[in-house]
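K.L.:
Using numbering that gives the first Met the number 0, the first residue of the sequence shown is number 0, and each one after it goes up by one.
Encoded as structure tokens, here's the structure I'll be asking about.
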Amino acid sequence: MSFCNCLFIIVLHENIYLALFSVSVPFYGDHLSLRNDARWSKVAAEFNEPRIVWADNIIKVNRNDAKTVPQLMVVTAKCFYIMDPKTFVVKSRVGLGDLECVSLSSHSDGNCILHVNQPKANVVNKGDLVLNTPNVVELVTKLHATIQETFRKALKVNICEQVEVNFIKEKVTIRFRVSADAGTGPDCRRKGPVIDFLVL
Numbered sequence: 000m001s002f003c004n005c006l007f008i009i010v011l012h013e014n015i016y017l018a019l020f021s022v023s024v025p026f027y028g029d030h031l032s033l034r035n036d037a038r039w040s041k042v043a044a045e046f047n048e049p050r051i052v053w054a055d056n057i058i059k060v061n062r063n064d065a066k067t068v069p070q071l072m073v074v075t076a077k078c079f080y081i082m083d084p085k086t087f088v089v090k091s092r093v094g095l096g097d098l099e100c101v102s103l104s105s106h107s108d109g110n111c112i113l114h115v116n117q118p119k120a121n122v123v124n125k126g127d128l129v130l131n132t133p134n135v136v137e138l139v140t141k142l143h144a145t146i147q148e149t150f151r152k153a154l155k156v157n158i159c160e161q162v163e164v165n166f167i168k169e170k171v172t173i174r175f176r177v178s179a180d181a182g183t184g185p186d187c188r189r190k191g192p193v194i195d196f197l198v199l
């Protein structure tokens with residue numbers, strides 16, 4: 000466990016900026032000690048996953064109604080997994096090579112969108128993933144470093160107030176809005192093709 004400086008490659012308006020963020024909290028990687036969990040061992044054996052890069056409980060935003068649900072996210076050297084936090088049933092498995100871009104709110108709210116490439120033949124892909132985690136800086140840093148190491152390419156990171164997401168069956172606009180009506184935790188409200196994230 001060590002204190003880290005994180006180096007992001009941030010792509011804004013087609014220009015590349017290097018931003019160095021000093022982080023005052025340690026990077027744990029595996030926040031849940033899954034290496035010692037028999038339930039993860041079964042998943043790792045099934046998909047031949049020898050190494051955990053990052054793991055933590057997250058809040059996932061449902062695509063249909065913007066309701067939030069607790070999930071478990073695990074990043075390995077090859078993929079990221081979204082799983083039921085109790086049963087470890089895999090809800091989604093996406094190869095890191097299919098991760099196109101990450102969009103982050105410009106507010107310190109932990110909101111994060113993982114933009115996934117269009118589905119290939121015989122591959123189940125539900126579209127972009129919208130989530131919230133208090134450890135978003137660590138998550139994006141780990142994703143960037145792993146993709147850089149494995150695929151020799153930089154992960155694009157978009158800092159925004161509004162972004163379009165692809166849910167396969169439809170495209171939706173997500174807006175990050177400051178509001179005195181924002182509740183505690185991720186406050187997501189969907190109306191038609193727009194999802195508003197309200198932040199204090």
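Backbone N, C-alpha and C define an ideal beta-carbon position, used for all residues, glycine too.
#1: Compare the C-alpha of Phe-175 against each of Val-68, Ser-107 and Trp-53 and name the closest.
#2: When DSSP labels each residue in this structure, what does Asn-35 get in the three-state scheme?
#3: Alpha carbon to alpha carbon, how far is Leu-130 from Thr-149?
#4: Should Ala-120 go down as buried or exposed, given a rule of 16 or more other Cβ atoms within 10 Å for buried?
#5: Roughly how many whole angstroms lie between the Cα atoms of Arg-50 and Val-193?
#6: Below 8 Å, how does it come out for the stretch 134-146 and the stretch 23-43: are there three or more Cβ pairs, yes or no?
#7: Measuring alpha carbon to alpha carbon, tell me which residue in Cys-111, Glu-48 and Asp-36 is nearest Cys-159.
#8: Closest by CA to Glu-99, which one among Gly-184, Gly-126, Arg-62 and Ala-65?
#9: Counting C-beta neighbours from all protein chains within 10 Å, is the total for Gly-184 16 or more, i.e. buried, or is it exposed?
#10: Could you tell me the distance, in whole angstroms, from the CA atom of Val-93 to the CA atom of Phe-79?
#11: To the nearest angstrom, how far is the alpha carbon of Asp-180 from that of Asp-186?
#12: By Cβ distance below 6 Å, which residues in the same chain neighbour Arg-62 in space, the five residues on each side in sequence not counted?
#13: Suppose you measure from the CA of Asn-134 to the CA of Phe-196; what does that come to, to the nearest Å?
P.N.:
According to the structure data:
#1: Ser-107
#2: helix
#3: 24 Å
#4: For Ala-120, the predicted structure reports a pLDDT of 48, less than 50, and the residue's modelled location is therefore unreliable. The matter cannot be settled from this model.
#5: 38 Å
#6: yes
#7: Cys-111
#8: Gly-126
#9: exposed
#10: 5 Å
#11: 9 Å
#12: Phe-166
#13: 18 Å
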